[in-house]
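Working notes, structure below.
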Amino acid sequence: MPELHRSGGCSRSLAALILAAVLLVPLSTGSAGAEEAPDVWTQVKKLYEKAKAAGDTVPSDVSEWVRQDLQNMNKWEYRIETLQAPGDQLLAKKLNDLGTEAWECFHVEREGKSVTLFCKRRMKSYLQVIPVRDLFRFVS
882 MPELHRSGGC SRSLAALILA AVLLVPLSTG SAGAEEAPDV WTQVKKLYEK
932 AKAAGDTVPS DVSEWVRQDL QNMNKWEYRI ETLQAPGDQL LAKKLNDLGT
982 EAWECFHVER EGKSVTLFCK RRMKSYLQVI PVRDLFRFVS
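The sequence shown: position 45 = 926 (the working numbering), numbered continuously.
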């Protein structure tokens, strides 16, 4: 069972389950799912093309890409940065630089004059931009 987080973990997990159940089953049995909700299916295909155009390594099969992208939906990647004797301006610049790259610093440790930043960000997932309400329409 997926762990629920306060920051939308439940809705992301629900979206991943719905998308997996609805998209992957019809893809393996034919195009019935695409006929039922062409808007969401069109969105998925556009996101697939966007991933290819961005230079991401993607499989030639859309359904396999969906499977891989769904796996990234609720995963985090982590980064640890240690700064030696940073002043306030340097620390603020480093935090802003990390924020620009979508890193969220969730813990800071100070040991002597050094500061260690513990940061995380969600793995890149194209499908996470599809609102849950659209996925529900896709199901019905």
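A virtual CB, placed ideally from N, CA and C, is assigned to each residue, including glycine.
{"Item": "Start-to-end residues for the beta strand (DSSP E) that takes in K974", "Value": "Where K974 is concerned, there is no enclosing beta strand (DSSP E), although the alpha helix (DSSP H) it sits in stretches over 969-981."}
{"Item": "Distance, F999 Cα to F965 Cα", "Value": "Note that residue 965 is Gln in the sequence shown here, rather than Phe. Rounded to the nearest angstrom, the two C-alpha atoms are 15 Å apart."}
{"Item": "Rounded separation between M954 and K1005 - CA only", "Value": "7 Å"}
{"Item": "Buried versus exposed call for Q970 [16 or more other C-beta atoms within 10 Å across all chains shown]", "Value": "exposed"}
{"Item": "Separation of T963 from R948, as counted between CA atoms", "Value": "36 Å"}
{"Item": "Any chain C beta carbon closer than 8 Å to S944", "Value": "This model lacks chain C altogether; it includes just one protein chain."}
{"Item": "Span separating the alpha-carbon of V921 from that of D937", "Value": "22 Å"}
{"Item": "Sub-8 Å separation of L972 and C986 beta-carbons", "Value": "no"}
{"Item": "Assigned secondary structure, T923 (DSSP; H/G/I helix, E/B strand, else coil)", "Value": "helix"}
{"Item": "Per-residue DSSP class, three states only, for K1001", "Value": "strand"}
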